[in-house]
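As you go down the protein sequences, you meet chains L and V in turn. Counting from 4, one number per residue, gives the positions in the first sequence under the numbering used here. Counting from 4, one number per residue, gives the positions in the second sequence under the numbering used here. Glycine is no exception: its CB is placed at the ideal position from the N, C-alpha and C atoms. Each remark here refers to the structure printed beneath this line.
2 protein chains.
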Amino acid sequence: MSQETAPTIRRFHGDYRWDATDLLAYKEEGSVPFKAITRQTLFRDPNMAGELRYFEVAPGGYSTLERHEHMHGVLILRGRGQCLVGDQVQAIETHDLVTVPPWSWHQFRAAPDAPLGFLCMVNVERDKPCLPTEAERQALEADPAIAAFLNGSVAYDGARQS
Amino acid sequence: MSQETAPTIRRFHGDYRWDATDLLAYKEEGSVPFKAITRQTLFRDPNMAGELRYFEVAPGGYSTLERHEHMHGVLILRGRGQCLVGDQVQAIETHDLVTVPPWSWHQFRAAPDAPLGFLCMVNVERDKPCLPTEAERQALEADPAIAAFLNGSVAYDGARQS
Chain L
4 MSQETAPTIR
14 RFHGDYRWDA
24 TDLLAYKEEG
34 SVPFKAITRQ
44 TLFRDPNMAG
54 ELRYFEVAPG
64 GYSTLERHEH
74 MHGVLILRGR
84 GQCLVGDQVQ
94 AIETHDLVTV
104 PPWSWHQFRA
114 APDAPLGFLC
124 MVNVERDKPC
134 LPTEAERQAL
144 EADPAIAAFL
154 NGSVAYDGAR
164 QS
Chain V
4 MSQETAPTIR
14 RFHGDYRWDA
24 TDLLAYKEEG
34 SVPFKAITRQ
44 TLFRDPNMAG
54 ELRYFEVAPG
64 GYSTLERHEH
74 MHGVLILRGR
84 GQCLVGDQVQ
94 AIETHDLVTV
104 PPWSWHQFRA
114 APDAPLGFLC
124 MVNVERDKPC
134 LPTEAERQAL
144 EADPAIAAFL
154 NGSVAYDGAR
164 QS
């Protein structure tokens with residue numbers, strides 16, 4: 004979507020694509036910090052201070068482990084998986100809400116057998132994400148639950164852990 | 004939801020309610036400009052310039068006909084209905100996107116036999132809505148399609164009009 008105002012109505016297609024909305028598939032390179040994730044920007048306009056994106060992680064895929072000053076307001080639109088926010092790993096299901104506070108480490112992982120599609124609201128004006136240093140990653144992995152999550156070796160039983 | 008940062012995870016309940024999220028049911032008075040609509044604020048935080056709300060219109064209900072400088076970015080989350088945006092009446096279905104540009108007249112109506120639930124992103128800092136004067140309403144109603152929509156007498160066949 005360009006910086007011009009979008010068409011009034013953009014139709015949804017059953018495959019989680021929308022009219023007049025580009026799909027960005029991230030390129031996976033050597034040392035990939037993410038896997039099997041796409042982005043569509045649903046709302047971005049010079050008159051809006053917030054931006055709404057739709058991310059979709061394929062079964063078994065995951066988003067980049069990162070943190071930044073800006074916040075995320077996330078609504079799971081499709082499927083299920085798990086997320087790390089701060090020092091908590093939690094199961095997430097369709098229509099759950101996830102708040103990522105400033106400077107919280109976060110990563111989203113789809114279940115092995117289902118995609119994870121989510122809306123993410125951010126400020127248009129925002130800082131760039133920081134990736135963990137080796138020392139920061141080791142500090143996170145000192146918690147066995149976080150280590151299992153980050154290494155994709157968590158036993159996924161689909162049950163909520165709340 | 005208060006101005007404090009929300010809990011990291013707020014669970015979705017099958018009835019389109021969320022943990023730790025208040026439901027506001029608008030009070031219908033004498034000359035009601037809306038009917039059978041509720042609001043839940045899903046994300047509002049001092050660190051975010053955008054705000055995400057969930058509105059639900061019961062079958063046969065409708066939102067206020069209004070306009071304002073600030074924009075709406077809308078994603079239909081549940082059900083179907085019709086909307087007026089500017090001078091166009093269009094059918095809307097689950098997951099369709101609706102952009103309401105600055106100063107466009109707009110109203111959302113649920114189908115007679117289905118609710119219409121939608122997410123709406125707005126700027127936290129925004130102007131108050133204006134209601135139409137009698138002359139403005141008459142000007143809108145000069146278009147028979149808009150008149151039928153505003154008076155709730157449109158023949159709803161569930162078919163998209165795009």
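Measure the CB-CB distance between residue i and residue j and report whether it falls below 8 Å.
| i | j | result |
| --- | --- | --- |
| T44(L) | E54(L) | yes |
| E31(L) | L134(L) | no |
| G120(V) | G76(V) | no |
| Y65(V) | F111(V) | yes |
| V92(L) | F152(L) | yes |
| P105(L) | N50(V) | yes |
| D90(L) | I12(V) | no |
| A28(V) | A61(V) | no |
| L122(L) | L80(L) | yes |
| A145(V) | T102(L) | no |
| N126(L) | A52(L) | yes |
Using a Cβ cut-off of 7 Å, pull out every chain L residue sitting near residue i, in sequence order please.
| i | result |
| --- | --- |
| W21(V) | L100 |
| P105(V) | N50 |
| Q91(V) | T11 |
List the DSSP bridge partners of residue i.
| i | result |
| --- | --- |
| Q141(V) | For Q141(V), which the question treats as bridged, DSSP gives no partner whatsoever. |
| R112(V) | Y65(V) and Q85(V) |
| I95(V) | G84(V) |
| L100(V) | R13(L) and L78(V) |
| G120(V) | E59(V) and R81(V) |
| N126(L) | G53(L) |
Below 7 Å, is the gap between the Cβ of residue i and the nearest heavy atom of the ligand PLP?
| i | result |
| --- | --- |
| I12(L) | Ligands displayed in this structure: none; no statement on the ligand PLP is therefore possible. |
Using a Cβ cut-off of 9 Å, pull out every chain L residue sitting near residue i, in sequence order please.
| i | result |
| --- | --- |
| V88(V) | T11 and I12 |
| F15(V) | L78, I79, E96, T97, H98, D99 and L100 |
What residues from chain V crowd round residue i, counting only those whose CB sits closer than 7 Å?
| i | result |
| --- | --- |
| T8(L) | T102 and P104 |
To test your reading of the DSSP string, which unbroken beta strand (DSSP E) runs of 3 or more residues are found completely within the region 10–87 of chain V?
Those beta strand (DSSP E) runs which fall completely within the region 10–87 of chain V and span 3+ residues are 26–28, 38–46 and 53–65.
With 8 Å as the limit, tell me which residues of the region 38–63 of chain L have their beta carbon closer than that to any beta carbon of chain V; keep them in chain order.
If the cut-off is 8 Å between Cβ atoms, the region 38–63 of chain L has L45, F46, D48, N50, M51, A52, G53, E54 and L55 near chain V.
Which of the residues in the region 125–155 of chain V, read from start to end, lie with their CB under 9 Å from any CB of chain L?
Listed by position, the residues of the region 125–155 of chain V near chain L (Cβ gap below 9 Å) are V125, N126, V127 and E128.
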